[in-house]
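Heads up, the thing below is written out as structure tokens.
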Ligand SMILES: [Zn+2]
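In the numbering used here, the protein residues as written are 365 to 572.
And the structure:
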């Protein structure tokens, strides 16, 4: 429970951040390039209302075509059946295996979604990868897909995500501002662009 409290405390600081909000608002109304968000660590303004409301996570899995909107947290508690549903949605689609997902990861995803929803970006988070079996992870490495040998995906502590309207700098900067773990920026050209790896391991960032 300590981690959740920490998340709330630190996350609350970012909510009132006008600068990042302005960039997300810009993204919502245009597709022009944005500069990276500012460092958010010094923000101390509170917006408690944001953090006590029921939490719904809306996700889509391009790999399987699944799409769901799950109310998973209410009155300070995780709803178990909803948690199980989210674990299933974040399962290893290729390896066909489900594993427990770190609740802190769900909070990161929810915080991301709830924050950008304030600027009219209400589409589901695209989950490109959630939990991965060892075999799936190994296969990705063999196929040349960027994946760490000891990937946190194998522990249910990482997700690769994308939000169509946000470039990698802004989405990664937002997740980084939670200060809850690692953020990997995967820039790719092409119509769909890249993705962001978010995990609940050590705080670090990298470009892949
Ligand atoms: Zn990843």
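The C-beta atom is built at its ideal place from N, Cα and C for all residues, glycine as well.
- Under a 10 Å Cβ-count criterion, residue 499 is classified as exposed, with fewer than 16 other Cβ atoms of the shown protein chains found around its own Cβ.
- Assignment of residue 499 by DSSP, reduced to helix, strand and coil, places it in the helix class.
- If you check the C-beta of residue 515 against ligand 1, you find a heavy atom less than 8 Å away.
- Shown here, residue 465 sits in coil according to DSSP, grouped into three states, outside any helix or strand.
- The beta carbons of residue 422 and residue 433 sit closer together than 9 Å.
- With fewer than 16 other beta carbons inside 10 angstroms of its own, residue 416 counts as exposed.
- Closest in C-alpha terms to residue 485, from the list 430, 539 and 530, comes 530.
- Setting aside the 5 residues that flank it on each side, residue 510 is surrounded in the same chain by 572, each with a C-beta closer than 6 Å to its C-beta; the list follows chain order.
- Leaving aside the five residues that flank residue 508 on each side, none in its chain has a CB nearer than 6 Å to its CB.
- Residue 528 has its CB no nearer than 8 Å to any heavy atom of ligand 1.
- Annotation for residue 430: the continuous beta strand (DSSP E) segment containing it runs 430 to 438.
- A direct Cα-Cα distance of roughly 32 Å separates residue 541 from residue 503.
- Per DSSP, residue 423 lies in no alpha helix (DSSP H); the unbroken beta strand (DSSP E) holding it starts and ends at 419 to 425.
- Short note on residue 500: C-beta not closer than 8 Å to any heavy atom of ligand 1.
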